[in-house]
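**Q** Mind looking over this structure? Questions follow.
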Amino acid sequence: MTVVDHDIVEMPDDPTVGAMPPYRRIVGWVRAETDGLSGDQLDFDDTSPDKEWMWWSIRRQVSHMAWDALVFTHRRCSHLLWPDGDEPEPVVWEHHHLGPNMKYDRMLDEDLYWEVPDLIAKMEIGIGWQERVVGENTIEQLRSDTTSIRGTEFWSYVITTLPRGAGADPDRPGYLRYDLEGSLWMVFYELLTHIRTIQRLKTRQGIALNVELPRVGYLRLPEYWGDTDANGPSMKRIEINP
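For the sequence shown, position 97 (counting from the first letter as 1) is numbered 99 according to the numbering used here, and the numbering increases by one without interruption.
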């Protein structure tokens, strides 16, 4: 079993510590920051080209978090969670994985899941799966489980926040190699960053914040904490030199 220390919210520099993220805290932070918000406050956005971080409203930030918790874990961890292939289907996977059948852009089906409590309930399922992966596997097992994906400018930027577990794939130009320790920390940072964006959207509306978030992971980068309104790097693929 891998260590989960709820006081540790960032991948330790010392690899012998082997601590993994306190995923359950994500759910509490989301509930705290969305509690009592009206429909208008939840749906406030700004789709101006120079305000990319405001394109998704608070409601859609939560929907994306639920999507990410489910889809990332289903895609990356199915072989550990359901080795016999008996995968649950809390959402229609065909409509939620990236591809031509995806119903909404990286969020849950809005025809089915719109109210924030329903979105959080789906998020909790994915969070529970992440907790299972961490609880049922040793840190050595997580580090030995690697994958290689086509790199983008965004991923190349945000992996600089990890002390290990992600980097250029030496065998495949233009690809990034992750081990599962790195991937599981990255999804924690991703979820945390969307909570910070919820806070930024609340601040724009003059709404008081309820949580003091740790500035860790992506949040160390100015674009994602809110030190600047500038857009972060795009999802454009890394160029492969001939």
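Backbone N, C-alpha and C fix where the C-beta goes; we use that ideal spot for every residue, glycine too.
(1) Let me check understanding here. Comparing Cα to Cα, which of 148, 77, 120 lies closest to residue 64?
(2) Whether or not the stretch 152-159 and the stretch 229-243 are in contact is what I'm after, with contact meaning three or more pairs of Cβ atoms, one per stretch, closer than 8 angstroms; do they touch?
(3) Is it right to say residue 89 is buried, meaning 16 or more other beta carbons lie within 10 angstroms of its own, or is it exposed?
(4) Curious, which full-length beta strand (DSSP E) runs of at least 3 residues does the stretch 176-213 contain?
(5) Could you name the residues of the same chain whose beta carbon sits closer than 8 angstroms to that of residue 32, not counting the 5 residues immediately before and after it, in chain order?
(6) Distance, Cα to Cα, residue 18 vs residue 24?
(7) Sort 241, 195, 178, 160 by Cα distance to residue 28 and report the nearest one.
(8) If you compare alpha carbons, which of 38, 59, 94 is closest to residue 76?
(9) With a 10 Å radius around its C-beta and 16 neighbouring C-beta atoms as the bar for buried, classify residue 53 as buried or exposed.
(10) Check the DSSP bridge columns for residue 169 and list the partner residues they point to.
(11) With a threshold of 8 angstroms on Cβ separation, who are the neighbours of residue 209 within its own chain once the five nearest residues in sequence on each side are excluded?
(12) Would DSSP call residue 21 helix, strand or coil?
(13) Given this structure, state the Cα-to-Cα distance separating residue 116 from residue 243, to the nearest angstrom.
(14) Less than 8 angstroms between the CB atoms is what I'm expecting for residue 127 and residue 176, so what's the real figure, rounded?
**A** On the basis of the supplied data:
(1) Residue 64 sits at position 62 when you count from the first residue of the sequence shown. Ranked by Cα distance from residue 64, the options 148, 77, 120 are led by 120.
(2) Verdict: yes, contact present.
(3) Reading the sequence shown from its first residue, position 87 is the one you call residue 89. Using a 10 angstroms sphere on the CB of residue 89, the tally of other CB atoms stays under 16, which defines it as exposed.
(4) Runs of the beta strand (DSSP E) inside the stretch 176-213: 177-181.
(5) Indexing the sequence shown from 1 puts residue 32 at position 30. Once the five neighbours on either side are set aside, the close Cβ partners of residue 32 are 64, 67, 122, 125, 197, 200.
(6) Residue 18 sits at position 16 when you count from the first residue of the sequence shown. Residue 24 sits at position 22 when you count from the first residue of the sequence shown. The alpha-carbon atoms of residue 18 and residue 24 are separated by roughly 18 angstroms.
(7) What you label residue 28 is simply residue 26 of the sequence shown in a count that begins at 1. Ranking the options by Cα distance to residue 28, first place goes to 195.
(8) Along the sequence shown, one-based indexing puts residue 76 at 74. Of 38, 59, 94, the residue nearest in Cα terms is 94.
(9) As a first step, residue 53 must be located in the sequence shown, where it is residue number 51. Exposed.
(10) Reading the sequence shown from its first residue, position 167 is the one you call residue 169. Looking at the DSSP assignment, residue 169 forms a beta bridge with 179.
(11) Locating residue 209 in the sequence shown gives position 207, counting from the first residue. Excluding the 5 residues flanking it on each side, residue 209 has same chain C-beta neighbours closer than 8 angstroms at 39, 43, in chain order.
(12) Mapped onto the sequence shown, residue 21 falls at position 19. Secondary structure at residue 21: strand, using DSSP grouped into helix, strand and coil.
(13) For the purposes of this step, residue 116 is taken as residue 114 along the sequence shown, with counting starting at 1. For the purposes of this step, residue 243 is taken as residue 241 along the sequence shown, with counting starting at 1. C-alpha of residue 116 to C-alpha of residue 243: approximately 44 angstroms in a straight line.
(14) For this step, residue 127 is matched to residue 125 along the sequence shown. For this step, residue 176 is matched to residue 174 along the sequence shown. 34 angstroms between Cβ atoms; not a contact.
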